[in-house]
Structure formats: C-alpha cells, structure tokens
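**Q** Count the sequence shown with the working numbering and you get residues 51 to 311, in order. Every residue gets a Cβ at the ideal spot worked out from N, C-alpha and C, and that includes glycine. Predicted model only: the values in this text are computed from it and were never measured.
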Amino acid sequence: MKRAAFLAGAVVALAGARAANPPRPYLADVPKAELIRILPPPPARGSAEDVADRRIFRETRTLAGGARWRLATRDVTDDRFTTFACAMGMTLDRQTAPALARMFDRMGGVDLVGSVKSAYQRRRPYLDAPGPICEPRTAHLAANGDFPSGHAATGWSTALVLAELIPERATAILRRGRIYGESRFLCGSHSRSAVEAGYMSGATMVALLHASPDFGTDMLAARRELESLRSRAQAPGAARCGPEEGEALPWTAPRRGNKHR
51 MKRAAFLAGA VVALAGARAA NPPRPYLADV PKAELIRILP PPPARGSAED VADRRIFRET
111 RTLAGGARWR LATRDVTDDR FTTFACAMGM TLDRQTAPAL ARMFDRMGGV DLVGSVKSAY
171 QRRRPYLDAP GPICEPRTAH LAANGDFPSG HAATGWSTAL VLAELIPERA TAILRRGRIY
231 GESRFLCGSH SRSAVEAGYM SGATMVALLH ASPDFGTDML AARRELESLR SRAQAPGAAR
291 CGPEEGEALP WTAPRRGNKH R
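This is the structure we're talking about:
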C-alpha cells in the first residue's frame with residue numbers, strides 16, 4: 051500500500067513538473083516566418099468572398115441538432131489523440147504514446163496564428179448574425195479573432211505530420227484533417243475563409259518544423275513507437291468512427307463558381 055501510494059505521488063509530481071516546465075517548442079529554434087505576409091488578407095467587408103462567408107454561416111445554421119452538427123461539436127476539442135483516433139486506427143493517449151505526446155507538445159508554443167488574429171481582429175460570424183453555434187459563446191471566443199482558424203491550423207498541421215508517421219493511413223488521416231477544419235465553419239465559430247487560411251497556416255507550420263533538428267529526432271522516435279503500437283493498440287469503436295467515415299454531410303460548402311447543391 052505504501053509503495054503504491056509512493057508511486058502514485060511520484061506520477062502526480064512528475065506530471066506537475068512537466069506542466070511547470072513544458073518542453074521547448076520546435077519553432078522557438080527555427081528562423082521565423084511572417085505568416086501575415088504568407089496568408090492572403092481576410093475578405094474585405096462587402097466583397098464577394100465576405101458575402102459568401104456570411105451566406106454560408108446562415109445556411110449552415112440549419113445543421114443544428116443533426117449528425118454533422120454533433121461531429122462539429124465533438125471537433126471543438128483540440129486533443130489530437132481524440133481527433134485522429136479513427137484515422138490512425140488506434141486509440142492512444144499520453145501514457146500509451148509518450149513520444150507522440152511529446153511531439154504534439156512541442157509542435158505548439160510559438161503562436162504564429164495568434165499574431166495574425168490580433169493584427170486583423172476580424173469578427174467571428176456569429177457576432178453579426180443570429181443563429182446557434184456548436185460551442186459556448188464565451189468572452190474569450192468572441193475576443194479571439196476569426197481569421198485564421200487556429201483549430202484548422204492545428205488539425206491540418208497534425209494531419210500532415212501523422213501522414214508522414216503512418217503513411218499507410220495517410221488518406222484517412224489527411225481526410226480527417228480536412229473534415230476537422232470544416233467543422234469550424236459548420237459549427238459557426240469561424241468563417242469559411244478563416245478555415246481555408248487555417249489550412250495554409252498549418253502547412254506553413256509543418257514546413258518550419260522540418261527546419262528543427264529536434265523535430266527530425268522526435269519524428270524518428272514517434273515513428274518507431276507507432277510501429278510497435280500498431281499491432282496491440284485498441285482500435286476505436288464503430289460508434290465513434292461511423293460519423294467520420296460517412297462525413298454525415300447533408301450540406302457541403304460549394305466551391306467558388308459552383309452552385310450550391
């Protein structure tokens with residue numbers, strides 16, 4: 051009993067130490083890129099793109115309560131293990147995949163997206179039009195600009211990295227990264243143009259990650275870890291993966307120049 055209590059205390063202490071001393075972000079040690087000069091600016095008020103963003107917000111409010119809305123609600127999480135479990139074909143967490151967890155921790159920390167949000171301060175679509183959104187309307191959400199979508203950037207950067215780590219699952223992983231981003235404008239938390247900018251932001255982040263020697267080292271460790279887990283990790287259940295497999299999309303954002311279907 052004493053040994054068990056000691057071990058439990060040690061685990062808690064270790065977790066506390068990690069929280070107090072997070073690992074150094076990869077992007078802290080690579081040449082900085084000016085994301086605001088890489089991305090196109092957000093649509094100007096009254097432009098065709100801005101009108102399309104607002105129309106898409108209105109049309110997608112009809113999804114509330116449906117299957118795709120429930121998936122968008124679930125996608126509010128930024129937990130990469132949860133988001134990509136079905137695409138990876140493995141249910142993992144920080145304890146079962148510590149090398150991958152370390153990578154996820156170090157992929158963040160240098161807020162390229164936040165600086166662009168602050169510069170533009172574009173209002174989120176739900177602030178200017180009635181209708182439900184799939185997450186709480188907190189003061190933090192309202193104050194955190196629309197453009198670009200941080201969730202979409204995180205999801206797409208994670209998808210690109212996981213596709214490298216598990217190439218035989220690349221199609222499912224990249225598809226999931228795209229769907230995860232789309233959940234943000236279907237939810238109503240972001241405009242569609244902000245999600246598209248989020249994808250570009252995520253790709254930019256991954257290009258910069260490859261300039262970090264530590265990233266290459268950690269990629270190798272994570273790849274070996276995932277190879278060892280593949281045959282013994284628990285597969286996610288059909289109840290969870292079904293909505294992602296079918297996408298449950300009664301409404302799909304029209305491509306520019308195409309009619310809404």
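Pick helix, strand or coil for Arg172, following the three-state DSSP scheme.
**A** As a position in the sequence shown, residue 172 is number 122, starting the count at 1. DSSP places Arg172 in coil when its eight states are reduced to three.
**Q** Measure the alpha-carbon distance for Leu113 versus Gly238 and round it to whole angstroms.
**A** Taking the first residue of the sequence shown as 1, we reach residue 113 at position 63. Taking the first residue of the sequence shown as 1, we reach residue 238 at position 188. In this structure, the straight-line span from the alpha carbon of Leu113 to that of Gly238 is close to 10 Å.
**Q** Would you please state the rounded distance, in angstroms, between the beta carbons of Thr141 and Ala135? I believe it to be under 8 Å.
**A** Here residue 141 corresponds to residue number 91 of the sequence shown, with the count starting at 1. Here residue 135 corresponds to residue number 85 of the sequence shown, with the count starting at 1. With a Cβ gap of about 5 Å, Thr141 and Ala135 count as contacting.
**Q** Considering only C-alpha positions, which residue in the set Met157, Ala94, Ala98, Ser165 is nearest to Leu85?
**A** In the sequence shown, residue 85 corresponds to position 35, counting from 1. For Leu85, the closest of Met157, Ala94, Ala98, Ser165 by C-alpha to C-alpha distance is Ser165.
**Q** CB Ala117 to CB Pro293, shorter than 8 Å?
**A** Start at 1 with the first residue of the sequence shown, and residue 117 comes out as number 67. Start at 1 with the first residue of the sequence shown, and residue 293 comes out as number 243. Contact flag set, yes.
**Q** Do the CB positions of Arg234 and His201 come within less than 8 Å of each other?
**A** To locate residue 234, count along the sequence shown from 1; it is residue 184. To locate residue 201, count along the sequence shown from 1; it is residue 151. Yes, the Cβ-Cβ distance between Arg234 and His201 is below 8 Å.
**Q** Look at the alpha carbon of Val256 and the alpha carbon of Leu215, and state the distance between them as a whole number of angstroms.
**A** Here residue 256 corresponds to residue number 206 of the sequence shown, with the count starting at 1. Here residue 215 corresponds to residue number 165 of the sequence shown, with the count starting at 1. So the alpha carbons of these two residues sit roughly 13 Å apart.
**Q** Rounded to a whole number of angstroms, what is the C-alpha to C-alpha distance between Leu258 and Val80?
**A** Taking the sequence shown and counting its residues from 1, one reaches residue 258 at position 208. Taking the sequence shown and counting its residues from 1, one reaches residue 80 at position 30. Approximately 7 Å between the Cα atoms of the pair.
**Q** Can you tell me which of the three DSSP states Gly181 falls into?
**A** Taking the first residue of the sequence shown as position 1, residue 181 is located at position 131. Gly181 falls in the coil class under three-state DSSP.
**Q** Determine, using beta carbons only, whether Gly159 and Leu210 come nearer to each other than 8 Å.
**A** On the sequence shown, position 109 is the one that residue 159 refers to. On the sequence shown, position 160 is the one that residue 210 refers to. Contact: no.
**Q** Within a Cβ cutoff of 8 Å, which residues of the same chain sit near Pro91, ignoring the five residues on either side of it in sequence?
**A** Looking up residue 91 in the sequence shown gives position 41. Within the same chain, Pro91 has close Cβ partners Tyr170.
**Q** Could you give the DSSP three-state label for Thr267: helix, strand or coil?
**A** Numbered from its first residue, the sequence shown carries residue 267 at position 217. Reduced to three states, the DSSP call for Thr267 is helix.
**Q** Report back the beta-carbon spacing between Ala179 and Phe265 to the nearest angstrom; my notes put them in contact at under 8 Å.
**A** Position 129 of the sequence shown, counting from 1, holds the residue named residue 179. Position 215 of the sequence shown, counting from 1, holds the residue named residue 265. Contact between Ala179 and Phe265 fails: their C-beta atoms lie close to 41 Å from each other, not under 8 Å.
**Q** Within 10 angstroms of the Cβ of Glu246, are there 16 or more other Cβ atoms? Answer buried if so, exposed if not.
**A** Locating residue 246 in the sequence shown gives position 196, counting from the first residue. Buried, by the Cβ-count rule.
**Q** Would you mind stating whether Ala283 and Thr146 have Cβ atoms separated by less than 8 Å?
**A** As a working note, residue 283 is residue 233 in the sequence shown. As a working note, residue 146 is residue 96 in the sequence shown. Yes. Within cutoff.
**Q** What's the call for Arg187, buried or exposed, on a 16-neighbour Cβ count within 10 Å?
**A** Taking the sequence shown and counting its residues from 1, one reaches residue 187 at position 137. With fewer than 16 other Cβ atoms within 10 Å, it is exposed.
**Q** Between Phe203 and Ser241, which are expected to be in contact by the criterion C-beta below 8 Å, what is the C-beta distance as a whole number of angstroms?
**A** Along the sequence shown, one-based indexing puts residue 203 at 153. Along the sequence shown, one-based indexing puts residue 241 at 191. With the sequence shown as reference, residue 203 is identified as Ala, and Phe is not the correct amino acid for it. At roughly 14 Å, the Cβ-Cβ gap does not stay under 8 Å, so Ala203 and Ser241 are not in contact.
**Q** With distances taken Cα to Cα, identify the nearest neighbour of Phe131 among Gly205, Glu109, Cys184.
**A** Walking along the sequence shown from the start, residue 131 turns up at place 81. For the residues Gly205, Glu109, Cys184, the minimum Cα distance to Phe131 belongs to Gly205.
**Q** May I ask you to verify whether the region 95-103 touches the region 262-281, counting CB pairs closer than 8 Å and requiring at least 3?
**A** no
**Q** Using 8 Å as the threshold, is the C-beta distance between Gly272 and Ala149 below it?
**A** If you number the sequence shown from 1, residue 272 lands on position 222. If you number the sequence shown from 1, residue 149 lands on position 99. The amino acid at residue 272 is misidentified as Gly; the sequence shows Ala. At the C-beta level, Ala272 and Ala149 come within 8 Å of one another.
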